[in-house]
Structure formats: structure tokens, C-alpha cells
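Data first, discussion second: the structure below is written as C-alpha cells.
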Amino acid sequence: MAGTISISRREERQNSGESKILKLLEKKIMQAEMTIKEKVNTQLVQGTVDTATFVPGNDAKDLNPLGYFLPKAIGTDPVAGGSVGNINRATYSWWRPYVADLSTGTVGDNTFAINVTTYAGLRVALYRMYNFCTRGADGSGPGIVLSDQVTYETYENSLDQLKRYGNDDLVSMGFDNVKLKGATMIWDEQVPDMENGTAAITTGSAFFVNPNFYKLIIDSETNFITTAFIEPENQTTKTAKVLFMGQSSSDNMRKHGMCMGISQSITS
Numbered sequence: 236m237a238g239t240i241s242i243s244r245r246e247e248r249q250n251s252g253e254s255k256i257l258k259l260l261e262k263k264i265m266q267a268e269m270t271i272k273e274k275v276n277t278q279l280v281q282g283t284v285d286t287a288t289f290v291p292g293n294d295a296k297d298l299n300p301l302g303y304f305l306p307k308a309i310g311t312d313p314v315a316g317g318s319v320g321n322i323n324r325a326t327y328s329w330w331r332p333y334v335a336d337l338s339t340g341t342v343g344d345n346t347f348a349i350n351v352t353t354y355a356g357l358r359v360a361l362y363r364m365y366n367f368c369t370r371g372a373d374g375s376g377p378g379i380v381l382s383d384q385v386t387y388e389t390y391e392n393s394l395d396q397l398k399r400y401g402n403d404d405l406v407s408m409g410f411d412n413v414k415l416k417g418a419t420m421i422w423d424e425q426v427p428d429m430e431n432g433t434a435a436i437t438t439g440s441a442f443f444v445n446p447n448f449y450k451l452i453i454d455s456e457t458n459f460i461t462t463a464f465i466e467p468e469n470q471t472t473k474t475a476k477v478l479f480m481g482q483s484s485s486d487n488m489r490k491h492g493m494c495m496g497i498s499q500s501i502t503s
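Residue numbers (the numbering used here): 236 to 503.
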């Protein structure tokens, strides 16, 4: 993944003086870094919509999105869940994550049934998914619950009469967050509607991610690096690139989960 930074001879002269040139370059570099970070975030959280599923785009050259690991299909038809890491989830049940539809209460593979219409019901469903993902000999649970904005706000509002906790480290990084059992809940505008298979939100979704078994593997020499500026012989503009190379992976699907179909109109 790459972003470009270009500055022309004209721009350099119009911003002459060491401090002004540095400020212009710093701004261009910052804009390029922000752009590529947005791309990384979109690819990791949402991915590319393909027939109501979420997959790595660009002929599978993009990063694997969360919906690739935790698809809706697992909740109703494990055969439709496909393979991850060349392991077929239709054949091996231990390679299937937990998925629950909170709008219908329908039980499928690796799921539970709750039709959520109230604050209390939402808490029960989210806590139950957390507990499902904690099953196993190691006993570890999700560290992050990532949802759309309205689902986050609904859960946050449901805690108004209860004692609330947050993660100070994430607050210092600029993330609003609340605790959900042993996990920290945050929101991102790129979280898609997993039930309807769209980027636009009709019903909410929440991903339960265990950081012990989910990794973003980054090439040590291509971690948002900025290359040297190069000026072609036939141009008066020099260009540098911001580069990133990595991939997301999981080595234990049973430690992750996803809730979908969360009503956007729960108020009590």
C-alpha cells in the first residue's frame, strides 16, 4: 500500500525560507500518512463488499477485514463460511467463530438466540457473546469489542444507571471507550452492517476480538515509512512515497465473535 507526496519547484519557491519549506513538507507528509492510515483502517474494519459479504479487495491483495474472519454465514450455514488459512470451516467446526443475530433470535451454528429490544437485553446479549468467546482451556476473552457508532452509544447509554469504567490508555490515544466485562468497547465509522451485507448501517454490528489470537503482521521495513524524494529528469516536481505492507491473521477462530442485527432505535 502506498501514498505519494509531491512538491514542485514552484511550491518550493513560493514557500521559500527554511521554516516555510519544512512546514509545507510536513503538512504534505502528514496528509499522505493520514490518507494511507485511513486506507488501512477501512481495509481492516470494512474491507470490500462482494455479494453482501466482506472480503479483501484488489484481487485479495488488500488486508483481510474483520468480516472475512467473522462472516454472517457462520451463524446460519457453516458450509457458506468458506475457508480461512486454507482450513475449511464447513469441515472443521473448531475453526468457526461465534456469530449471533440479535434481531431474530435465530439459533444457528455456534450461536445463541436473543431478540434484543431493550438496554437490558443488549447487555445480556453482549455479555453472553463475550462469555462464549472466553470458552477454552486458556480462559482468555476478547480484549476489544468494536462496533458501529449507534451500537456503542446504545450500550453506553444502557450503563448510565450503572457504574462505568473506561480504558485510560485508549482515552489518551483519542478513543472514546467503555468497559464490557474484561474487554474495552470502542466504535469506528467503518464498521459495516453485517446482517444486511452493506457498508451503510441499517442494523448494528459488534466484533469481539481476542488480541492473543488476532494479529496485524507488519513488514518491519515497510511500516508507514517515507522514502527519499526523487525528481525525474523531465520534471520539476520531486516525489516521495509513504509505504505500508502487512496482513491481518488469526490462529484461533473460536476466540472471536460477532453480533449483528442490533437495533438502532433502542432507547430504554
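All residues carry an ideal CB built from backbone N, CA and C; glycine is no exception.
- Pair every Cβ in the stretch 375-392 with every Cβ in the stretch 353-360, then say whether three or more of these pairs are closer than 8 Å. yes
- Message: Tell me which residues share the same chain as S407 and place their Cβ nearer than 7 Å to its Cβ, disregarding the 5 neighbours each side in the sequence.
- Response: Annotation note: pLDDT 48 at S407 (below 50); position unreliable, no value reported.
- CA-to-CA distance, S251 to N299, given in whole angstroms: 44 Å
- Please look up how many angstroms separate the CB atoms of D297 and M495, rounded, as I've assumed it's under 8 Å. D297 to M495, Cβ: 22 Å. No contact.
- Rounded C-beta distance between I452 and S484? I'm assuming under 8 Å. 6 Å
- Task: Determine the contact status of F479 and F464, defining contact as a CB-CB distance below 8 Å.
- Result: no
- Message: For S328 and R363, I'd like the C-alpha separation in whole angstroms.
- Response: 20 Å
- Using alpha carbons as the reference points, say which of Q482, G417, G282 lies closest to S455. Q482
- Item | Cβ contact (3+ pairs, closer than 8 Å) linking the stretch 440-451 and the stretch 256-272 | no
- Straight-line gap, W490 to K450 (C-alpha atoms, nearest Å): Note that residue 490 is Lys in the sequence shown here, rather than Trp. Each residue's Cα considered, the two are about 13 Å apart.
- Task: Give me the Cα-Cα distance between R245 and T471, rounded to the nearest whole angstrom.
- Result: 8 Å
- Span of the beta strand (DSSP E) holding G356? That residue, G356, is in no beta strand (DSSP E); its alpha helix (DSSP H) goes 354-369.
- If you count every other CB in all the chains shown that lies within 10 Å of the CB of D486, and 16 or more means buried, which is it? exposed
- Out of N445, K307, T239, T326, state which residue places its alpha-carbon closest to the alpha-carbon of T286. K307
- Query: If you draw a straight line from the alpha carbon of Y303 to that of N469, how long is it in whole angstroms?
  - Reply: 45 Å
- Item | DSSP state of S375 mapped onto helix, strand, coil | coil
- Alpha carbon to alpha carbon, how far is D506 from D383? No answer is possible for residue 506: the residues shown for the chain start at 236 and end at 503.
- For M265, count neighbouring Cβ atoms within 10 angstroms of its own Cβ and tell me buried if that reaches 16, exposed if not. exposed
- Task: Counting only the same chain and skipping the five closest in sequence on each side, list residues whose C-beta sits under 6 Å from that of I259.
- Result: At residue 259 the sequence reads Leu, which differs from the Ile that was named. Around L259: N250.
- Item | L337 (DSSP reduced to helix, strand or coil) | coil
- Check the DSSP bridge columns for I322 and list the partner residues they point to. V319
- Task: Quick one: give me the first and last residue of the beta strand (DSSP E) that Y327 is part of.
- Result: Where Y327 is concerned, there is no enclosing beta strand (DSSP E), given that its DSSP letter is neither H nor E.
- With 16 other CB atoms within 10 Å as the buried threshold, where does T419 fall? buried
- Would you kindly report the start and end of the unbroken beta strand (DSSP E) that includes V426? Looking at the DSSP string, V426 is not in any beta strand (DSSP E), and its letter there is neither H nor E.
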